[in-house]
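Colleague:
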Amino acid sequence: MISNVTGEFENFSTDVETEDEDFMTAKVTFTADIDSITTGNEQRDQHLKSPDFFDAANYPQLKFVATKYENVDNDGSYELYGNLTIRDITKQIKLDVEFGGIIKDPWGNTRAGFSINGKIHRKEYGLKWDAVTETGGVVVSDEVRLHIAVELIKQQ
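Residue numbering for the sequence shown follows the working numbering, starting at 1339 and increasing by one per position.
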């Protein structure tokens, strides 16, 4: 592991319902189609979709459902807890959230922005493939860092 690989899911769905502008009572659900993963390398993407990792044929989606929010500093920093399911294995995770605020865009839409960071351990979800380099280093880290940029548009 001498560098980081980034990737994203091109097909996903996010549903957020809230009555308060601070989002403390929000109900959040996120799902992503495993088959839509892209890292910029088709061979790596196919390997990630295989049984060695996500096993897209048997587990076509991952899902996150929020369970709890905590205000960290009264200045836009929150901790978001929820259940992440990958390969039918569900674990509670904690995400650090920075609330960017709410604006009215030039087209009259109300938008809210968030930056979200966290990490998971892939082997806890059954993503256990591994290889060792000739010098004894691992090829794939157990830790996966999550960096998520979210912009929500208020629906009428």
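For each residue, glycine too, the CB sits at the ideal point set by N, CA and C.
1. Rounded to whole angstroms, what is the Cα-Cα separation between residue 1478 and residue 1444?
2. Should residue 1446 be labelled buried (16 or more other beta-carbon atoms within 10 Å of its own) or exposed?
3. For the stretch 1402-1420 against the stretch 1357-1371, do three or more pairs of beta-carbon atoms, one drawn from each stretch, fall closer than 8 Å, so that the two count as touching?
4. Bridge partners of residue 1355, per DSSP?
5. If you draw a straight line from the C-alpha of residue 1395 to the C-alpha of residue 1490, how long is it?
6. Count the other C-beta atoms from every protein chain shown that fall within 10 angstroms of the C-beta of residue 1435, then say buried if there are 16 or more, exposed otherwise.
7. Can you tell me which of 1462, 1449, 1433 and 1463 puts its alpha carbon nearest to the alpha carbon of residue 1507?
8. By Cβ distance below 7 Å, which residues in the same chain neighbour residue 1485 in space, the five residues on each side in sequence not counted?
9. What are the start and end residues of the alpha helix (DSSP H) that includes residue 1381?
10. Who are the Cβ neighbours of residue 1351 in its own chain at under 6 Å, not counting the five residues just before and after it?
11. Determine the direct distance from the alpha carbon of residue 1488 to that of residue 1438, and round the result to whole angstroms.
12. Using three-state DSSP, classify residue 1371 as helix, strand or coil.
13. Count the other C-beta atoms from every protein chain shown that fall within 10 angstroms of the C-beta of residue 1419, then say buried if there are 16 or more, exposed otherwise.
14. Ignoring anything shorter than 4 residues, give me the alpha helix (DSSP H) runs that lie fully in the stretch 1376-1455, in order along the chain.
15. DSSP has residue 1490 in a bridge; who is on the other side?
Modeller: Taking the geometry as given:
1. Walking along the sequence shown from the start, residue 1478 turns up at place 140. Walking along the sequence shown from the start, residue 1444 turns up at place 106. Looking at the two C-alpha atoms, the distance is approximately 44 Å.
2. Here residue 1446 refers to the residue found at position 108 when the sequence shown is read from its first residue. Its Cβ having fewer than 16 others within 10 Å, residue 1446 is exposed.
3. yes
4. As a first step, residue 1355 must be located in the sequence shown, where it is residue number 17. Paired residues: 1365.
5. Residue 1395 sits at position 57 when you count from the first residue of the sequence shown. Residue 1490 sits at position 152 when you count from the first residue of the sequence shown. Roughly 30 Å between the two C-alpha positions.
6. The sequence position of residue 1435 within the sequence shown is 97, counting from 1. Buried, by the Cβ-count rule.
7. Outside the shown range of the chain, which is 1339 to 1494, sits residue 1507, and nothing can be said about it.
8. Here the question's residue 1485 lines up with position 147 in the sequence shown. Hits under 7 Å: 1455.
9. Here residue 1381 corresponds to residue number 43 of the sequence shown, with the count starting at 1. Residues 1380-1387.
10. Counted from its first residue, the sequence shown places residue 1351 at position 13. Closer than 6 Å at Cβ, skipping near neighbours: 1369.
11. Residue mapping note: residue 1438 aligns to position 100 of the sequence shown, counting from 1. Residue mapping note: residue 1488 aligns to position 150 of the sequence shown, counting from 1. Those two C-alpha atoms are separated by around 10 Å.
12. For the purposes of this step, residue 1371 is identified with residue 33 of the sequence shown, where counting begins at 1. In the structure shown, residue 1371 sits in a strand (DSSP, three-state: E or B).
13. As a working note, residue 1419 is residue 81 in the sequence shown. Residue 1419 is exposed by the Cβ-count criterion.
14. 1380-1387
15. Counted from its first residue, the sequence shown places residue 1490 at position 152. Its beta-bridge partners are 1450.
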